[in-house]
Amino acid sequence: MCELLHRLPSSTHPEVARWILAHKGTPNRAQGVLVIQRLVAGIHATISACFRPCSNLEDVDDENEDEGAVVDPGAVHAIKALKVIDTINRKYSLLPYATFYHPDINAYFSPRAEYLRWKSSPPVSAMNEPQPLALAHYPFILNPASKSDLLRIESLVHMRHHLQATFFRALFVGVQSPYLDLVVRRDHAVRDTLVQLAGVSDRRDLRKQLRVSFVGEPGVDEGGVARELLALVMRGLLDPVYGMFAAAGAGDAVAWFVPDVVAFSGQTTSDVPADNVESGASSDARTEEEYELAGKVCGVALYNSIVLQVHFPLVLFKKLLGEPLTIDDLAEIDPQLAQGMRTLANFQGDVQSTYCRTFTVEEERLGGGARTVVELIPNGASVDLTNDNRKLYMEKLLDYHLNVRVSRSFQAFQRGFAAVTAESSIKHLFRAEELHHVVLGEDELDIDALETQAIYDGGYSHETPIVESLWHAIRSMSKVDQRRFLFFVTGSDRSPVGGLGRVTVVVMRQGPDSDRLPSAHTCFNVLLLPEYSSPSKLETLLQKALENIEGFGLM
Numbered sequence: 001m002c003e004l005l006h007r008l009p010s011s012t013h014p015e016v017a018r019w020i021l022a023h024k025g026t027p028n029r030a031q032g033v034l035v036i037q038r039l040v041a042g043i044h045a046t047i048s049a050c051f052r053p054c055s056n057l058e059d060v061d062d063e064n065e066d067e068g069a070v071v072d073p074g075a076v077h078a079i080k081a082l083k084v085i086d087t088i089n090r091k092y093s094l095l096p097y098a099t100f101y102h103p104d105i106n107a108y109f110s111p112r113a114e115y116l117r118w119k120s121s122p123p124v125s126a127m128n129e130p131q132p133l134a135l136a137h138y139p140f141i142l143n144p145a146s147k148s149d150l151l152r153i154e155s156l157v158h159m160r161h162h163l164q165a166t167f168f169r170a171l172f173v174g175v176q177s178p179y180l181d182l183v184v185r186r187d188h189a190v191r192d193t194l195v196q197l198a199g200v201s202d203r204r205d206l207r208k209q210l211r212v213s214f215v216g217e218p219g220v221d222e223g224g225v226a227r228e229l230l231a232l233v234m235r236g237l238l239d240p241v242y243g244m245f246a247a248a249g250a251g252d253a254v255a256w257f258v259p260d261v262v263a264f265s266g267q268t269t270s271d272v273p274a275d276n277v278e279s280g281a282s283s284d285a286r287t288e289e290e291y292e293l294a295g296k297v298c299g300v301a302l303y304n305s306i307v308l309q310v311h312f313p314l315v316l317f318k319k320l321l322g323e324p325l326t327i328d329d330l331a332e333i334d335p336q337l338a339q340g341m342r343t344l345a346n347f348q349g350d351v352q353s354t355y356c357r358t359f360t361v362e363e364e365r366l367g368g369g370a371r372t373v374v375e376l377i378p379n380g381a382s383v384d385l386t387n388d389n390r391k392l393y394m395e396k397l398l399d400y401h402l403n404v405r406v407s408r409s410f411q412a413f414q415r416g417f418a419a420v421t422a423e424s425s426i427k428h429l430f431r432a433e434e435l436h437h438v439v440l441g442e443d444e445l446d447i448d449a450l451e452t453q454a455i456y457d458g459g460y461s462h463e464t465p466i467v468e469s470l471w472h473a474i475r476s477m478s479k480v481d482q483r484r485f486l487f488f489v490t491g492s493d494r495s496p497v498g499g500l501g502r503v504t505v506v507v508m509r510q511g512p513d514s515d516r517l518p519s520a521h522t523c524f525n526v527l528l529l530p531e532y533s534s535p536s537k538l539e540t541l542l543q544k545a546l547e548n549i550e551g552f553g554l555m
């Protein structure tokens, strides 16, 4: 059946969809959900039966072997059939996209081996013998953690190639750093980062491994300092003093672009001086550079596997990937307007006499001054909203609030993001929801997984009484304090995609009992913990340490 399904011409897929959605000849969504669930479960079972781990493929470094998987032709047919079902599901939104992730494939997923398969072979081998299958050609089957690992390998390969080219060029034009080196003043993090990234003439340099040093501060950047800088920069750019982003959504839970009419008003409260951009440039030009910087920071973070401390809405990532937008996306940043649009869509009476609207919206300029009337269509001020044109009005209103209203600021942000990621496989691999998790991390904190991955040094072990007390204290904390602890040790208050089982914390003994507070080296995810005399003393001093974290609660 799988082979038959995937060999059907694409022109017949609408008929397949109608068959899935039909119940006794009548379209029925509930029936469609049931049918597609059974299809996915059956195809998954077929894949599992034809799947086995192997270790016959060298990794991308050509130094040692890395495990992968062999999938026989039966599974190839099943995966291609699943692609047909995924295409139908994307159109009708019957099942959550995560339903298509295959547990066995992701459990044994080897990013190095899969990357090599992906770049060196076609999607499906025509041979009858078991062949390594390039699973990246079927991204719907991979979970975000597997995709993130694949993207990390891709970035490492790009960095390695650039490093080799750098050393080769050094023979002729002098030595260049193999890193993206940033030297910044802590109290001018935004300004210094903007200037240095704007000065990068070769976009390939933005994909180098980020290495950061703060002026006047010792330390070797093994990742923690870079995380700290990007967090400081995003906190600065999202500060209301910059006038670039504003709190939006239910409970002001997300950060969204301020309207262009405000952001590019010719006024600025930014501390980035004019000499950081081209001579004579206006404050609006500086604002564009700041939006580009925000986009570059997101791209650099993605390429360096750094989780950002910011609450951007899902709609931002849908726009970056070019996915269609809906009222649900508007609800994320303006739930009241979205509800009003839904009410309009379902209104049964006379729209024109009840709503008394034209195809216009009003925007308030900076400082609460005069309001500007914006027409949604040509001559919109003279076109009344009616039952007949209600659908067009809603389409234009949605487009205005999600696109037109913030077009200049988003385009600058997108340019910055693309400057780093243009040659990556992001659009091929990720859905917007998945990219959202990779860039911004996951909210769920699994302390058990964090403890399982922890290692100990300086005489501690997982059985040391004070270590047992530490984990008991962490589990007893509120969610806010658990995030504080994670930020204290790692520089991020969120789980990376895949969960805290992908984070290794080192708990190191810092001498015998004392009144010294616990400390940490975020560069190496190291917690320095004196061997306190009692659990209560540990809890008291740890709580004091967490209360004094500089920069926690960034967004």
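Going by UniProt numbering, the residue at position 122 of the sequence shown is 122; the numbering climbs one at a time, nothing skipped.
The beta carbon of each residue, even a glycine, is placed where N, CA and C say it ideally should be.
Cβ neighbours of E539 in the same chain (closer than 6 Å, five flanking residues each side left out) = A473
Within the chosen definition, does the region 388–399 reach the region 327–343 through at least 3 CB pairs nearer than 8 Å?
-> yes
Sequence-distant residues of its chain with Cβ nearer than 6 Å to residue 557 (five each side left out) = Because residue 557 is not part of the residues shown, which for the chain are 1 to 555, the question remains open.
Going by DSSP, name the residue or residues bridged to W256.
-> A246
R235 and V215: beta carbons closer than 8 Å?
-> no
Where N548 falls, given that 16 or more other Cβ within 10 Å makes a residue buried = exposed
Over the uninterrupted beta strand (DSSP E) stretch that includes Y456, give me the two end residues.
-> I455 to D457
Inside the region 488–533 only - beta strand (DSSP E) runs reaching at least 3 residues = 506–509, 519–521 and 526–529
Have a look at R203 and S519 and give me their C-alpha separation to the nearest angstrom.
-> 38 Å
Cα separation between T421 and L230?
-> 17 Å
In this structure, does DSSP put L348 in helix, strand or coil?
-> It is worth fixing the name first, because residue 348 is Gln in this sequence and not Leu. Reduced to three states, the DSSP call for Q348 is coil.
Going by the beta-carbon positions, is the gap between S492 and V307 smaller than 8 Å?
-> yes
Which residue comes first and which comes last in the beta strand (DSSP E) that contains L180?
-> Y179 to V184
With respect to 7 Å, is the separation between the Cβ of D252 and the closest non-hydrogen atom of the ligand ADP below this value?
-> Absent from the structure shown: the ligand ADP. Ligands present: none.
Proximity below 8 Å, CB of G416 to CB of K296 = yes
Given L500, which residues of its chain have a CB within under 6 Å of its CB, disregarding the five upstream and five downstream residues?
-> D446, A449 and L450
So V233 packs on I333, CB below 8 Å; how close in whole Å?
-> Not confirmed; about 22 Å, so no contact.
In the DSSP assignment, find the alpha helix (DSSP H) that holds E323 and state where it starts and stops.
-> Counting along the chain, E323 falls outside any alpha helix (DSSP H), and DSSP gives it neither H nor E.
If you draw a straight line from the C-alpha of P103 to the C-alpha of A45, how long is it?
-> 11 Å
Using CA coordinates, which residue listed in T358, R408 and A30 is at the minimum distance from P259?
-> R408
Give every residue of the same chain whose Cβ lies closer than 6 Å to the Cβ of S120, excluding the five residues on either side of it in the sequence, and list them in chain order.
-> none
Contact between the region 183–200 and the region 147–161: three or more CB pairs below 8 Å?
-> no
Go through its chain and collect everything with a Cβ distance to R371's Cβ below 8 Å, but skip five positions before and after it.
-> E362, E363, E364 and R365
Can you tell me which of the three DSSP states Q339 falls into?
-> helix
Which residues bound the alpha helix (DSSP H) around L359?
-> Correcting the residue identity first, residue 359 is Phe in this sequence and not Leu. Where F359 is concerned, there is no enclosing alpha helix (DSSP H), given that its DSSP letter is neither H nor E.
Would you tell me roughly how many angstroms separate the C-alpha atoms of T360 and I327, rounded to the nearest one?
-> 18 Å
Does the separation of the CB atoms of F317 and L435 fall below 8 Å?
-> yes
Go ahead and pull the three-state DSSP assignment for P313.
-> coil
What separation, rounded to the nearest whole angstrom, lies between the Cα atoms of A331 and F51?
-> 42 Å
Residue nearest to I497 in terms of C-alpha spacing, selected from S305, N379, I141 and K319 | Checking the displayed sequence, the identity of residue 497 turns out to be Val instead of Ile. V497 has its Cα closest to that of S305, out of S305, N379, I141 and K319.
Which of helix, strand or coil DSSP assigns to A418 = helix
Going by the CB atoms, is the gap between I141 and R112 shorter than 8 Å?
-> no
Taking only the alpha-carbon atoms, compute the straight-line gap between T386 and F347 and give it to the nearest angstrom.
-> 11 Å
Measuring CA to CA, which of V225, W19 and R431 is closest to T522?
-> V225
Assign residue 612 to one of two classes, buried (16 or more other C-beta atoms within 10 Å of its C-beta) or exposed (fewer than that).
-> The structure shown does not extend to residue 612, since the chain is modelled only from 1 through 555, so no value can be given for it.
Please say whether D443 and L546 have beta carbons closer to each other than 8 Å?
-> no
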